[in-house]
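Numbering (UniProt numbering), first residue to last: 1 to 271. Heads up, the thing below is written out as structure tokens.
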Amino acid sequence: MYKETLSKSEHRIFSYLLEHEQELPVISSDDIARQLGVSTSTISRFWTKIGFKNLKDLKRAVYENQSATPFSRLSGALSQWGEEGVTLDFLMDRMSRYMEKTFRVVTPQMLDQAVQMILEAGQIYMFAPDASRGIGALLQYRLRRLGIRIEVLPSGSQIYDFMVNLKEGDLLILYGYSRILTEARILLEYGARTGCRSILFTDILAGDLLSQANLVLYSFRGEPNDYHFMGVPVILTDLLVTKTIQALGGGLEKARKLEDIRSQFSGLLKR
């Protein structure tokens, strides 16, 4: 409701904060004024209009929301869905908004770069924990049909057994949604030392670790205190796969070979 009372400059501040939510902990009022070309007095009035004393008060409220547990996020989502109803229109609206936020950050050039890194890699290693396991399995399955093999890395200290084989020219594909696990941190640091390039799939926009990855592919999955949808990461994965197929000239040779193998042994295994 308060958005109706905002001036044009205040709407710009509002939009800027939405687009840079992950960077909020390190943003200052001076940063906002410099980026948007608005006065500090305009920014000061803005906080009051949206219900906060100042920027520090807003940061505190956001931090409290981010500390929400998976249970509290799901509980809140169920409450909201109970009021609004979960319909196809509801989901399509969510996905449309999430995709728009994602592809403000991820450019076609970044996807082309990811494809090039995959095609140039000597060996590809993947670390896909928690909710990203299914996304990683999808990417592994699709690329395997194109003759591109991926070694899946385990959690815990077992990653050290694989790290001894990392070398220059290899590629690490890492996932870190909501947080970047210690294993991914270790792999990023060690990979940078050995000349092994890395692609990081994440919903985090700011942080020192991001600079260690050669390429960051961002997905917006929902606000910090919301239920986190995996629809956009799946779309991003399929987009990456289709671009890889295109770069390989359609992958027809592998498709023909697959069809030939299936016809040879069709009576033995059912699909």
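We treat Cβ as the ideally placed atom computed from N, Cα and C, and that holds for glycine.
Cβ pair residue i, residue j closer than 8 Å
i: glycine 122; j: glycine 169; result: yes
i: leucine 36; j: methionine 110; result: no
i: methionine 126; j: glutamine 113; result: no
i: threonine 194; j: isoleucine 180; result: no
i: tyrosine 98; j: valine 234; result: no
i: leucine 174; j: leucine 187; result: yes
i: leucine 153; j: glycine 176; result: no
In DSSP terms, what residue i is bridged to
i: leucine 217; result: Phe201
i: lysine 127; result: First, the amino acid is wrong: residue 127 is phenylalanine here, not lysine. In the DSSP output, where bridge partners are listed per residue, phenylalanine 127 has Leu174.
i: residue 272; result: The question about residue 272 has no answer, for the chain in this structure spans 1 to 271.
Close beta carbons around residue i, own chain, < 6 Å, minus the five adjacent residues each side
i: glycine 191; result: Leu172 and Ser198
i: leucine 210; result: Val216
i: isoleucine 124; result: Ile150 and Leu171
Best match in the options for proximity to residue i [C-alpha to C-alpha]
i: asparagine 214; options: Glu23, Cys196, Met230 and Phe229; result: Cys196
i: leucine 138; options: Val241, Lys101, Leu258 and Lys254; result: Val241
i: phenylalanine 90; options: Phe229, Pro154 and Ile245; result: Phe229
i: lysine 8; options: Ile235, Arg133 and Thr42; result: Thr42
i: lysine 101; options: Gly222, Lys257 and Phe265; result: Gly222
i: histidine 20; options: Ser96, Val105 and Lys53; result: Val105
i: glutamine 158; options: Thr237, Glu183, Leu269 and Ile245; result: Glu183
i: tyrosine 227; options: Arg94, Leu88 and Thr107; result: Arg94
C-alpha gap between residue i and residue j, whole angstroms
i: lysine 49; j: histidine 11; result: 11 Å
i: lysine 243; j: isoleucine 148; result: 14 Å
i: serine 75; j: isoleucine 118; result: Per-residue confidence for serine 75 stands at a pLDDT of 49, beneath the threshold of 50, marking its modelled position as unreliable; no derived number is given.
i: leucine 24; j: aspartate 260; result: 55 Å
i: leucine 6; j: valine 26; result: 24 Å
i: tyrosine 60; j: phenylalanine 52; result: Reading off the sequence, residue 60 comes out as arginine, not tyrosine. If I take the Cα positions, the gap works out to 10 Å.
i: aspartate 31; j: leucine 205; result: 17 Å
i: leucine 143; j: arginine 34; result: 45 Å
i: alanine 77; j: alanine 131; result: For alanine 77, the predicted model reports a pLDDT of 46, less than 50, meaning its position is unreliable and no value from the coordinates is stated.
i: methionine 92; j: alanine 128; result: 26 Å
i: serine 266; j: lysine 254; result: 18 Å
i: leucine 236; j: tyrosine 16; result: 24 Å
i: isoleucine 135; j: phenylalanine 220; result: 15 Å
i: tyrosine 160; j: aspartate 57; result: 43 Å
i: glycine 264; j: threonine 107; result: For the sequence presented, residue 264 should be read as glutamine rather than glycine. Each residue's alpha carbon lies about 43 Å from the other.
i: leucine 18; j: valine 38; result: 17 Å
Contacting residues, own chain, Cβ-Cβ under 8 Å from residue i (five flanking each side not counted)
i: lysine 3; result: Bear in mind that the predicted position of lysine 3 carries a pLDDT of just 41, short of 50, making it unreliable; the figure below should be weighed with that in mind. Only His11 and Phe14 meet the Cβ criterion.
i: arginine 256; result: none
Residues of its chain near residue i, where Cβ-Cβ distance is below 7 Å and the 5 sequence neighbours each way are ignored
i: leucine 248; result: Leu146
i: methionine 163; result: Tyr190
i: phenylalanine 46; result: Glu10 and Ile13
i: serine 29; result: Thr40, Ile43 and Leu55
i: aspartate 238; result: none
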